[in-house]
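A.B. asks: For any residue, its number in my numbering is found by taking its place in the sequence shown, counting from 1, and adding 13.
The beta-carbon is built from N, C-alpha and C at its ideal position, and this holds for glycine as well.
All values derive from a computational prediction rather than experimental measurement.
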Amino acid sequence: MDKREMMELIQKTGVIAIMRAKSSDQLLAAADAIKAGGVQVIEVTMTTPGALDVIRQATERYGADVLFGVGSVLDPESARAAILAGAQFVVSPTLNLKTIELCHRYSIPVVPGAYTPTEILTAWEAGADMVKVFPASVGGPAYFKAIKAPLPQVKLVPVGGVNLDTTADFIRAGADAVGVGSALVSQKLLEAGDFAALTERARRLCQEVAKGQGA
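This is the structure in C-alpha cells:
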C-alpha cells in the first residue's frame with residue numbers, strides 16, 4: 014500500500030483508533046474486535062510495552078487489511094525506529110519539523126500535533142499529511158469550524174475528548190477523521206476481555222462518522 018492509498022483509507026474509514034494495552038496479545042485481540050466493527054486504522058502508542066514488537070507482529074498479521082501506525086512519537090529517532098518496525102503512519106502530540114522531514118524520506122504519512130492556527134498552518138506547510146488538533150475537547154467542534162474557515166485546505170484530526178456523542182459534530186465541523194482512544198478501546202473492556210463490546214463501539218463510531226459526512 015503506497016502513501017496515497019494509506020491516506021485514502023484513513024479518510025474513508027474516518028476513525029483512527031488510539032490503542033494502549035498492557036500486552037501484545039491484548040492489543041491484537043482488540044484490533045481483531047474493532048476491525049470486525051469497521052475500524053481499519055489503528056495507532057499504537059509508544060507508551061505501550063513493546064510497542065515496536067506489537068507493530069511488527071500486527072503488520073505481518075494483517076497486511077493491507079488494517080493500517081497500523083505509531084503514536085506519541087516525540088522525535089525523528091523514534092519515528093525511524095517505528096517505521097523500520099513496520100509502522101505505516103506516524104502521529105505526534107507536538108510539532109517537530111525534523112520528524113515530518115524523516116517521514117517524507119520514507120514516504121510515510123505523518124500527523125503532527127498542533128492547536129493554534131499558526132501551529133496548524135506551520136505543520137501543514139512543513140508537509141504534514143494531516144494535523145492532529147490536541148486537545149480537541151478544549152475548543153470542541155466550534156473551534157474546528159472556526160479554524161476551517163480560513164484554512165479549508167488543511168486536513169484536521171481532533172484528538173482528546175472525542176467520543177460517540179461528539180464524533181458526528183466534529184466531522185460536520187470539518188474534521189477529515191477523528192482520533193478516538195478510551196472512548197473506543199477502554200482499559201476496563203480490555204481487562205474484562207469484552208471484545209464483543211469493542212466491536213459494537215467500533216460499529217457505532219463508524220455510523221457516527223457516516224452521519225457527520227452525510228450532513
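For A181 and Q226, what's the separation of their Cα atoms in angstroms?
C.D. replies: Residue numbering aside, residue 181 sits at position 168 when the sequence shown is read from its first letter. Residue numbering aside, residue 226 sits at position 213 when the sequence shown is read from its first letter. Answer to the nearest angstrom: the Cα atoms are 8 Å apart.
A.B. asks: Once you ignore the five residues that flank E221 on each side, which residues in its own chain have a CB closer than 7 Å to its CB?
C.D. replies: Locating residue 221 in the sequence shown gives position 208, counting from the first residue. If we look at E221 and ignore the five residues flanking it on each side, its Cβ neighbours are L177, T180, A181.
A.B. asks: Would you kindly work out how many angstroms separate the C-alpha atoms of A205 and M32, rounded to a whole number?
C.D. replies: What you label residue 205 is simply residue 192 of the sequence shown in a count that begins at 1. What you label residue 32 is simply residue 19 of the sequence shown in a count that begins at 1. Their Cα atoms are separated by approximately 16 Å.
A.B. asks: Roughly how far, in whole angstroms, is the beta-carbon of G192 from the beta-carbon of V170, given that I think they are within contact range, below 8 Å?
C.D. replies: The sequence position of residue 192 within the sequence shown is 179, counting from 1. The sequence position of residue 170 within the sequence shown is 157, counting from 1. Their Cβ separation, rounded to whole angstroms, is 5 Å, which keeps G192 and V170 in contact under 8 Å.
A.B. asks: Alpha carbon to alpha carbon, how far is P154 from L164? Give it in angstroms, no decimals.
C.D. replies: Numbered from its first residue, the sequence shown carries residue 164 at position 151. Numbered from its first residue, the sequence shown carries residue 154 at position 141. Each residue's alpha carbon lies about 15 Å from the other.
A.B. asks: Roughly how many whole angstroms lie between the Cα atoms of F157 and G84?
C.D. replies: Against the sequence shown, residue 157 aligns to sequence position 144. Against the sequence shown, residue 84 aligns to sequence position 71. If you take the alpha carbons of F157 and G84, they lie about 22 Å apart.
A.B. asks: With H, G and I counted as helix, E and B as strand and the rest as coil, what does DSSP make of M20?
C.D. replies: In the sequence shown, residue 20 corresponds to position 7, counting from 1. Residue state, collapsed to three classes: helix.
A.B. asks: Quick check on this structure: which residue in A209, P106, L115, S120 has the alpha carbon closest to the alpha carbon of T133?
C.D. replies: One-based indexing of the sequence shown puts residue 133 at position 120. One detail in the question is off: residue 133 reads as Ile in this sequence, not Thr. For the residues A209, P106, L115, S120, the minimum Cα distance to I133 belongs to P106.
A.B. asks: Report buried or exposed for S120, applying the criterion of at least 16 other Cβ atoms within 10 angstroms of its Cβ.
C.D. replies: Here the question's residue 120 lines up with position 107 in the sequence shown. So S120 ends up on the exposed side.
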